[in-house]
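Here's the structure, in structure tokens; my notes come after.
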Ligand code: C2E
Ligand code: MG
Ligand code: MG
Ligand code: MG
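Numbering (full-length UniProt numbering), first residue to last: 631 to 910.
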């Protein structure tokens with residue numbers, strides 16, 4: 631009796647595991663197809679300067695709508711892509727698409743910086759630095775108008791391997807940002823050594839502003855620390871006026887969040903920017 635029950639259970643787990651693996655493989659195959667067929671696209675979210683109120687940058691964020699499952703979050707498909715060479719394909723797509731878009735906008739007189747996210751897997755790819763150089767040369771986007779974001783946790787995991795590549799990128803003149811700051815464990819010394827330009831405060835701390843004294847204290851000290859090593863500070867995930875006001879009072883430089891605008895297709899973003907420019 632116990633033996634059959636045991637076996638039954640075992641098979642149950644086996645089936646469940648197999649299904650999970652199959653779903654993952656299926657999703658990976660679908661993602662590969664989507665890349666090949668040009669079904670992925672980049673959404674753009676405005677980044678606003680807190681002194682002037684102007685949009686000074688946009689962050690390009692990858693979007694994928696699965697034909698059956700609907701929109702899949704990058705927090706699900708990026709880690710999946712990172713387990714294979716797919717991440718390099720996605721990375722090339724984002725780099726090419728967004729630099730082309732921003733170069734075209736600059737030609738039309740819109741001067742905003744482009745921010746895109748990097749996986750540390752891309753930093754391991756010997757083709758990566760040449761690809762960045764090539765994208766800049768081809769589109770004519772100035773290097774200083776491109777800012778590459780790497781999450782704090784990824785940087786800390788891989789800081790030795792990443793060091794040389796970051797130096798090479800810096801050599802090209804591109805800017806570097808540490809993303810999701812506060813979720814990893816970097817020290818002031820590490821921050822200084824990495825010679826970054828921008829620090830983005832993770833949304834989890836911004837969310838608590840106005841309701842949690844701890845959150846305000848943490849944000850305050852992150853800003854002070856970042857300014858001490860000459861970094862521009864961007865707050866992520868600003869959703870209301872209270873958070874905005876507190877960030878201004880704390881001396882934060884820039885902000886991004888649903889309060890200013892959600893990530894949206896390029897043409898929608900530029901239309902919205904036109905309206906706010908004429909309304910000013
Ligand atoms: P991230 O780089 O920290 O990007 C900010 C995320 O916060 C975006 O999620 C954005 O939609 C979301 N967000 C912005 N403002 C608000 C707000 O006010 N409230 C809330 N609730 N959320 C807000 P998204 O687009 O889902 O991307 C998630 C993460 O996936 C990104 O976090 C980034 O780490 C990664 N990712 C996205 N696109 C790429 C890419 O092209 N390459 C790589 N390597 N990673 C990417
Ligand atoms: Mg980012
Ligand atoms: Mg972030
Ligand atoms: Mg994030």
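Every residue gets a Cβ at the ideal spot worked out from N, C-alpha and C, and that includes glycine. Treat the numbers as computed from the prediction; the structure is a model and nothing was measured.
Under 7 Å from any heavy atom of ligand 1, does the C-beta of residue i make it?
i           : result
residue 746 : yes
residue 852 : no
residue 888 : yes
residue 630 : Since the displayed the chain opens at 631 and closes at 910, residue 630 lies outside it and no answer follows.
residue 691 : yes
residue 704 : yes
residue 675 : yes
Would residue i and residue j be called neighbours here (beta carbons separated by less than 8 Å)?
i           : j           : result
residue 877 : residue 889 : no
residue 692 : residue 672 : yes
residue 872 : residue 840 : yes
residue 688 : residue 725 : no
residue 779 : residue 745 : yes
residue 698 : residue 753 : no
residue 694 : residue 670 : yes
residue 882 : residue 865 : yes
residue 827 : residue 806 : yes
residue 658 : residue 722 : no
residue 765 : residue 804 : no
residue 819 : residue 835 : no
residue 769 : residue 733 : yes
residue 885 : residue 680 : yes
residue 797 : residue 747 : no
Would you mind giving the Cβ-Cβ distance between residue i and residue j, rounded to the nearest angstrom? I have them listed as a contact below 8 Å.
i           : j           : result
residue 675 : residue 867 : No, residue 675 and residue 867 are not in contact; Cβ-Cβ is about 11 Å, not under 8 Å.
residue 717 : residue 751 : 5 Å
residue 821 : residue 859 : 6 Å
residue 829 : residue 847 : The pair is not a contact, with the Cβ atoms about 17 Å apart (cut-off 8 Å).
residue 678 : residue 742 : Residue 678 to residue 742, Cβ: 10 Å. No contact.
residue 887 : residue 869 : 5 Å
residue 900 : residue 735 : 7 Å
residue 711 : residue 785 : The Cβ separation is near 19 Å, so there is no contact.
residue 832 : residue 813 : 5 Å
residue 771 : residue 729 : 5 Å
residue 896 : residue 757 : Going by Cβ atoms, the distance from residue 896 to residue 757 rounds to 26 Å, so no, they are not a contact pair.
Ligand 2 heavy atoms versus the CB of residue i: any closer than 7 Å?
i           : result
residue 779 : yes
residue 755 : no
residue 809 : yes
DSSP has residue i in a bridge; who is on the other side?
i           : result
residue 811 : 831
residue 674 : 690 and 894
residue 679 : 884
residue 700 : 696
residue 805 : 777
residue 862 : 828
residue 685 : 678
Using only the heavy atoms of ligand 3, determine whether one of them is closer than 7 Å to the beta carbon of residue i.
i           : result
residue 892 : no
residue 903 : no
residue 953 : One cannot answer for residue 953 here, as it falls past the ends of the chain, which runs 631 to 910.
residue 866 : yes
Which ranges does the alpha helix (DSSP H) cover as unbroken runs of at least 4 residues, wholly within the region 732-792, from first to last along the chain?
750-753, 758-769 and 782-787, all fully within the region 732-792.
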